[in-house]
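Right, one structure below, let's go through it.
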Amino acid sequence: MLHMSARVRLFGEFRNWCPSGEITVPVESSRTVSELKGAIAAELGKVAAPAEVDSLMSVSALAGEDRVLLDDETLAELGMRSFALLPPVCGG
Amino acid sequence: MSRISVALTKEPIPIETCLENPEGGSHGAQVVFTGMVRALNLGKQVTGVSYDAFEPLAEKVLREIAEEAREKWDPAMNILIRHRTGRLGVGETSVLIVVQTPHRAEAYEASRYIIDELKVRAPIWKQEHYLEGDSQWLRGHALCQHSAP
């Protein structure tokens, strides 16, 4: 079981809770993207109301630099340590 | 203007320099769409908008949208997309889409397709700033992808 630190960049509404725009989350590499989202929610729940965090997390996606990640992909498969947490988008 | 040109920028978008047509007269139509910061949204007075973006993925998505437009309407189409980041004042241009084609119909359709897809697929966010001094991130379209059953 390999432990890793996932670097997570935060965008949009997530910046309200973390103005630096980045958090680091300890996680096992065998975990899935969905489980990493759970770990991120727990981390953000330390600085914001958990219900608000869960609400926004439920409509947010994790991504790498070239695509949005699927919930059941494992971190070991992806071989990534850096992620982006994307709330619902509204450009234009 | 190259066949497909996509960029996010912190600087004001230089609209005039984006309208060059190097096609030697083969492209008879050019549709230019600019999105600008509105002074009023849902009854609140807006003083400005801050745009945030995950730039590597945003530029990739914008290029994919442009390529889809060319496949749907005309492989010879030229497409330029620029999107601002950072804080903009009311009236400033937040997005520019230029579509050049031999004929006008596909230019209009492609321009509409590009802005509609950009709004729901590109990882870009806006935070409105209001006259009362408060601010709000606007929620739009979720990008969540669940695995196929």
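Just so you know, the protein sequences line up as chains A and B, in that order. Residue 92, in the numbering used here, is where the first sequence stops; the numbers in between run on with no holes. Residue 1149, in the numbering used here, is where the second sequence stops; the numbers in between run on with no holes. C-beta atoms are modelled at their ideal positions from N, C-alpha and C, and glycine is treated no differently. Just so you know, these numbers come straight off a predicted model, no measurement behind them.
Are the C-beta atoms of Asp54 (chain A) and some chain B residue less than 8 Å apart?
-> So no, Asp54 (chain A) is outside the interface.
**Study point:** Cα-Cα separation, Leu44 (chain A) to Leu1118 (chain B)
**Key:** 29 Å
Exercise. Keeping to the same chain, check which residues put their C-beta closer than 8 Å to that of Ala1053 (chain B); ignore five residues upstream and five downstream.
Key: Leu1008, His1083, Thr1085, Ala1122, Pro1123, Ile1124, Trp1125
**Report entry** Run of the alpha helix (DSSP H) containing Ser1111 (chain B), from where it starts to where it stops
**Finding:** 1104 to 1121
Beta-carbon separation (whole angstroms), Leu10 (chain A) vs Leu85 (chain A), contact threshold 8 Å | 5 Å
Continuous beta strand (DSSP E) stretch holding Lys1126 (chain B): start and end: 1124 to 1130
Here's a check: name, in chain order, each residue in its chain whose Cβ is nearer than 6 Å to the Cβ of Tyr1108 (chain B), leaving out the five neighbours to either side.
Val1031
Fill in: In chain order, each alpha helix (DSSP H) run of at least 4 residues that lies wholly inside the stretch 11 to 84 of chain A
33 to 44, 50 to 57, 75 to 78
### Query
To which residues of the same chain is Val68 (chain A) closer than 8 Å at the C-beta, ignoring the five residues directly before and after it?
Here the set comprises Ala61, Leu62, Leu86.
Grab the span of the beta strand (DSSP E) containing Leu1088 (chain B) for me, first residue to last.
1086 to 1089
Taking only beta-carbon atoms, is Val1032 (chain B) less than 8 Å away from chain A? no
*Spell out whether any CB of chain B is found under 8 Å from the CB atom of Val8 (chain A).*
no
message: Quick check on Arg9 (chain A): does DSSP put it in helix, strand or coil?
response: strand
Just to confirm, are Leu96 (chain A) and Val33 (chain A) a CB contact at a threshold of 8 Å? Here chain A has residues from 1 to 92 only, and residue 96 (chain A) is not among them.
Problem - 7 Å Cβ shell around Glu13 (chain A) - same chain, five flanking residues per side excluded - result: Exclusion of the five residues before and after Glu13 (chain A) leaves Leu56, Pro87 as the residues of its chain whose Cβ lies within less than 7 Å of its Cβ.
Worksheet entry | Burial state of Glu1106 (chain B), where buried means 16 or more other Cβ atoms lie within 10 Å | buried
Checklist entry - Would Ile1115 (chain B) pass as a contact of Ala1069 (chain B) if the rule is Cβ separation under 8 Å? => result no
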